[in-house]
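So the sequence lines, in the order shown, correspond to chains G and R. Read in numbering that gives the first Met the number 0, the first sequence has 70 at position 71, and its numbers run on one by one without any break. Read in numbering that gives the first Met the number 0, the second sequence has 228 at position 229, and its numbers run on one by one without any break.
Number of protein chains: 2
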Amino acid sequence: MKSASIVSIGNELLNGQTLDTNASYLSQELLSMGLPVVSWHTVADDTDSIARALQLASEDADIVLVTGGLGPTDDDVTRKALAKLLNVSLEFHKELLEKIEKHFASRNITMPSNNRIQAYLPAGTRVIENKWGTAPGIVAQFGTKLIFVLPGVPIEMKQMFQESIAPRLAKLVTGQAVTVRKLRCFGTSESAIAELMGDMMQRGRNPQVNCTAASGIITLHIIATAENKNTADEMVQTAEKFIKNILGDLIYGEGEQTLAQVVGEKLFKRKQTVAVAESCTGGLLAKLFTDIPGASEYFTCGWVTYSNDAKITELGLSTQVIEKYGAVSEETAALMAQKARQKAGADFAISITGIAGPAGGTKDKPIGLVFIGLSDAQKIQTKRFIFSGDRETIRMRAALTALNMLRLRLQI
Amino acid sequence: MKSASIVSIGNELLNGQTLDTNASYLSQELLSMGLPVVSWHTVADDTDSIARALQLASEDADIVLVTGGLGPTDDDVTRKALAKLLNVSLEFHKELLEKIEKHFASRNITMPSNNRIQAYLPAGTRVIENKWGTAPGIVAQFGTKLIFVLPGVPIEMKQMFQESIAPRLAKLVTGQAVTVRKLRCFGTSESAIAELMGDMMQRGRNPQVNCTAASGIITLHIIATAENKNTADEMVQTAEKFIKNILGDLIYGEGEQTLAQVVGEKLFKRKQTVAVAESCTGGLLAKLFTDIPGASEYFTCGWVTYSNDAKITELGLSTQVIEKYGAVSEETAALMAQKARQKAGADFAISITGIAGPAGGTKDKPIGLVFIGLSDAQKIQTKRFIFSGDRETIRMRAALTALNMLRLRLQI
C-alpha cells in the first residue's frame, strides 16, 4: 500500500508560534484519497536540516509533501535544500521571473529585488503553478520517490494541492480504496453523541468512526477501507444511513459544510431573507452569514447595536424596556429581533444579546448568559442560554446557536 | 549549545483530526528557558515507527520530549517502543498499579483491567508522576541523551512538564539564556520589510531576526542567545531600538497585540468613540473591534449594509450617488463613513465597500477592489485598494487595513 510523509519547514513552527495546520489539512486530504500519512518531520529554515528531513521522509513513504521555505527572504532555503538532496544546482527560469513580475505589476507595485530568487529551481525539477502568490511550487523525482514542494501560506498551498497535486496522486493510488465521509452535528455535546452512537465508535471496527469537536461543532469521520472504491463507498453509505437514523436533525450537514452555508442554502432555495441585530457577538453573526459567497441574495442588513443608545436610536427599542429588564434580557432580545425584521423588511431576523465576559457578570446575570431571539411574520421565539468558556468561545457558541435556531425553523 | 527535539505520537495527528498543540506548547516553553527545539517527528501508534522517531530525535538533539501513546488501550505502544530503543524489557511496578487503582477508587470506579499495562516501565527508567490521569510519565537515559515521555492529554502533559521536567531542564541549561521579543508590523509586504532590514535578517547572526506573515500582519521575532539573561535582554533591547528606527510606524505593536487592541487602547486613552459601516466585510470589522474586552467604552454602533437598499434606508445614502458611482466607489465609501459618524454621534467612523469575490468582478471593478472611508469631525479621507487572494483573505485584509488607517490617524 502506498503511503505519504509530510515535511513542514519553518522556524515559526519550532518556536511554537504557529500551529501546523498545513500538515493536518494535507493528511486529511491524502487519507481521503487512500494515501495514509505515516510521518511528519518538522524542521527549521536551515538547508542541512531540510535536506535531512527530505531524506528521512522519502525513507518513510513513497510520496513526500513539503510545505514552507519558498518565500523571497534569506531564511527561505527549501529550494537550496532540495537541490542539495538531488545533488543538482539551482537554475534560473526566465518565464518564472516574468510571472512573478506580472504578479506585482497587476497590483501596481515594483517587484522587490528579493523576489528574483523565486525564479530559481533545482535542475531537472518542474514547476507547480501558484495562482495566489509569487512562490512557485516544485515537483521532483528522487529515486523511486516523488517529492512535491508547496509554499507554507495555507491559501496558496491548498489551491495548488487541489488543482495540481491531488489529481496526480489519485491516479497513483489505484487498488487501495479508502472512503472518508464527514457528518457535521450541532446542538449537543461530544459525549452525548458518543453515548447515542453506542458501539459504532469502538476502535478497530471497519468502517471506523471517529469524533472531533471544535466550537460546539461535532464532526463524525466515517472511514472505510476496502479492496476497491465501490466497496468502501458502500460501507460508508450503510454506516451513514445508520448514523443519520440515530442522530436525526442533530446532523446539520456533511463534508466541509458550515452552519452558515446550510442556512444560506435553505434561505436561497426558499427565496427568503434574513437580517440580524447583535449586541455581545458584535458583528460575528453577520460575518458568518457573509463568509458565504452569494450571501447578498438572502442577507439584507445587520445592526451591531453595542451600546444601549444604539439599541434605542438605531433599532427603535424603548428606553423603558431596557431600563426595566436590562439590555441582556428576553424582552430586549425579542424586541431587537422584531424591530430588525421590520426595519429590514426581511422574512426572518435573529437577535443576540448577552454577557461575553471576561468582566460584566453578576449573580443574576453571569458571564455566558445569552438571549437569542428569532422573529418571522407570525411569531417571535426567544431562548436563554448559559455558555461556558472564554469571551471568544462564548461569542462563537452564541452565533452558531443562533444560526442553528434558524436552521431548525427552516426545516419545518 | 544544548537543544531539544519533540516526538509526537498518535494516529489522530497523522489523520489530520487533531492539531499538534502539544509540540507548539513544549517548543515555546523550551525556547523561553534557553533550549531551542530543532525538530519535531510525528508518527503513528506503531512500535517500530516510534522507536525510529526516538532514535532520530536523539540524533538531532540532547533532550527528547515525547508525547502520546501512554494510554491503556492496545494502540498505546510508546512504552514498548522505548523498551525496544533501550534494548531492555518492560518491568511491572507494584506501587504504580496501586496508584492507578487508587485513582479509579477515588472516583468510585473499578479499574478496567486494561489499565494494568500502565504499571509497566522499561527496565532502568524512572517515573514522572501524573496528578491528573492514570498514565505515569517516563524518564530514560539513552547514551548521553535524556528522553522524557509524557501523556498526550494536554492538561496532564502541561502539569507534568511544569512540575517535574522544567525545573530539571532549567538546571541543565545554565549558562545559556535566550530572550525572545516580537514586533508586529502592518502596511507593507514581507519582502519590503526584509529589504528595509538589510543584513539584520541574515542567518547566523545573534540576535537572530525571523520574519513571519499572516493576513498582512508581519511579525519580527528577535531572538538573542547569551551566557546570562541580562545580556540576552540587553541584546534584544538594542536590536529592538535599531529596528524601530528603521521601520517607524510600520510597527504597530509588540508581543501578542492585535491591531484592534492597539486602536482600542488609543481610543480609550483619548476618550473617543468609533462607529463602522460595512458592506463587503459584512460585520468582520465590527467583530474585530468587539473581540477586545471593554470595547463598549469606545465602539458604539455598526451597520452591515450589505444590500444597496440597506445603504439607502439605514444609513441614508442617496439613491443617486449609488446609481451614478456604484455601491463600490469612493463616493459611496465617503458617504457611508460620514453618515455612520453622524448617526452614531461618534468621533470617528470607518466604512468599507468592495468586491470580495469569488464572483461579481468586472474589468473596471475587479475582485479585490475595496474603498475604505475614514471620517472625523473635520474631514473624510478615502482610499482605494486592490487586495489579492480569496474571499476570506480580501475581507480580512480590508478590515485590517481599515483598522490601520484609524491607527495612523490616532497617532497624529
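C-beta atoms are modelled at their ideal positions from N, C-alpha and C, and glycine is treated no differently.
Which residues in chain G have a C-beta closer than 8 Å to the C-beta of C210 (chain R)? List them in chain order.
T72 and D74
How many Å lie between V138 (chain R) and L81 (chain R) at the Cα?
Rounded to whole angstroms, V138 (chain R) to L81 (chain R) spans 10 Å at the Cα level.
Between Q207 (chain R) and I217 (chain R), how many whole angstroms is the CB-CB distance? I'm expecting something under 8 Å.
With a Cβ gap of about 16 Å, Q207 (chain R) and I217 (chain R) do not count as contacting.
Report the rounded CA-to-CA distance for L34 (chain R) versus L13 (chain G), giving the unit in angstroms.
Cα to Cα, the separation comes out at about 11 Å.
What residues are listed by DSSP as bridge partners for F370 (chain R)?
R:T352 and R:R383
Would you say R408 (chain G) faces chain R, with C-beta separation under 9 Å as the test?
Chain R places no beta carbon closer than 9 Å to that of R408 (chain G), leaving this residue out of the contacts.
Could you tell me which chain R residues have their CB closer than 7 Å to the CB of N10 (chain G), listed as they occur along the chain?
N209
Tell me which residues share the same chain as L334 (chain R) and place their Cβ nearer than 7 Å to its Cβ, disregarding the 5 neighbours each side in the sequence.
Cβ contact annotation for L334 (chain R) (same chain, cutoff 7 Å, sequence separation greater than five): L316 and V320, in chain order.
Could you check whether the segment 380–391 of chain G touches the segment 1–19 of chain R, counting it as contact only if at least three pairs of C-beta atoms, one from each stretch, sit closer than 8 Å?
Cβ pair count under 8 Å is below three, so no.
Put P121 (chain R) into one of helix, strand or coil per three-state DSSP.
strand
Is it right to say Q161 (chain G) is buried, meaning 16 or more other beta carbons lie within 10 angstroms of its own, or is it exposed?
Counting Cβ neighbours within 10 Å, Q161 (chain G) comes out exposed, since fewer than 16 surround it.
I'd like to check one pair, L287 (chain G) with A332 (chain G): are the Cβ atoms closer than 9 Å?
no
V275 (chain G) to Y297 (chain G), Cα distance in whole Å?
12 Å
Can you grab the Cα-Cα spacing for the pair L55 (chain R) / L283 (chain R), in whole Å?
45 Å
Can you check whether the C-beta of S374 (chain G) is within less than 9 Å of a C-beta belonging to chain R?
Using a Cβ-Cβ cut-off of 9 Å, S374 (chain G) does not count as an interface residue toward chain R, since no Cβ of chain R sits closer than that to its own.
Where P121 (chain R) and K101 (chain R) are concerned, what is the direct C-alpha to C-alpha distance, given to the nearest angstrom?
22 Å
List, in order along the chain, the chain R residues whose C-beta lies closer than 9 Å to that of P111 (chain G)?
Chain order gives the chain R residues near P111 (chain G) as S188, S190, A191, A193 and E194, where near means a beta carbon separation below 9 Å.
Using a Cβ cut-off of 7 Å, pull out every chain R residue sitting near S26 (chain G), in sequence order please.
L13, N14 and G15
Label A169 (chain R) either buried or exposed according to how many other C-beta atoms from any shown protein chain fall within 10 Å of its C-beta, with 16 as the threshold for buried.
exposed
Please give the ranges of any alpha helix (DSSP H) in the segment 69–152 of chain G, keeping only runs that are unbroken, at least 4 residues long and fully inside the region.
77–85 and 93–104, all fully within the segment 69–152 of chain G.
As a quick exercise: from R:R125, R:I108 and R:G293, pick the residue whose alpha carbon is nearest that of F91 (chain R).
R:R125
Please classify L18 (chain R): does DSSP put it in a helix, a strand, or coil?
Of the three classes helix, strand and coil, the one that applies to L18 (chain R) here is coil, per DSSP.
For L182 (chain G), which of helix, strand or coil comes out of DSSP?
strand
Look at Q337 (chain R) and G372 (chain R) and say whether their C-beta atoms are less than 9 Å apart.
A distance below 9 Å separates the beta carbons of Q337 (chain R) and G372 (chain R).
Report the residue from R:D45, R:K1 and R:A43 whose alpha carbon sits nearest the alpha carbon of V36 (chain R).
It is R:K1.
Given this structure, state the Cα-to-Cα distance separating F347 (chain R) from T272 (chain R), to the nearest angstrom.
6 Å
Taking the CB atoms as reference points, tell me whether S278 (chain G) and G353 (chain G) lie closer together than 9 Å.
yes
In chain R, what lies closer than 9 Å to L30 (chain G) by C-beta?
Those within 9 Å of L30 (chain G) in chain R are L13, N14 and G15.
Starting from Q291 (chain G), trace the beta strand (DSSP E) in both directions and tell me its first and last residue.
Just to set this straight, residue 291 (chain G) is Ile in the shown sequence, not Gln. First-last for I291 (chain G): undefined, no H or E at that position.
Given that S163 (chain G) touches chain R, what residues does it touch there, using C-beta distances under 7 Å?
Correct list: empty, because the minimum Cβ distance to chain R is about 17 Å.
Please list, in chain order, the chain R residues whose beta carbon lies closer than 9 Å to that of C184 (chain G).
Ordered by position in chain R, no residue passes the 9 Å Cβ test against C184 (chain G), which lies about 15 Å from the chain.
Run through DSSP, which three-state label would G359 (chain G) get?
coil
I'd like to know whether the C-beta atoms of A176 (chain R) and T224 (chain R) end up nearer to each other than 9 Å.
It is a contact, given that the beta carbons lie within the stated cut-off.
At the level of alpha carbons, what is the spacing between V65 (chain R) and F147 (chain R)?
6 Å
If S387 (chain R) sits next to G367 (chain R), beta carbons under 8 Å apart, how far is it from one beta carbon to the other, in whole angstroms?
6 Å
Just to check, is the beta-carbon of C210 (chain G) closer than 8 Å to a non-hydrogen atom of the ligand MN?
Among the components of this structure there are no ligands whatsoever, and the ligand MN is therefore not found.
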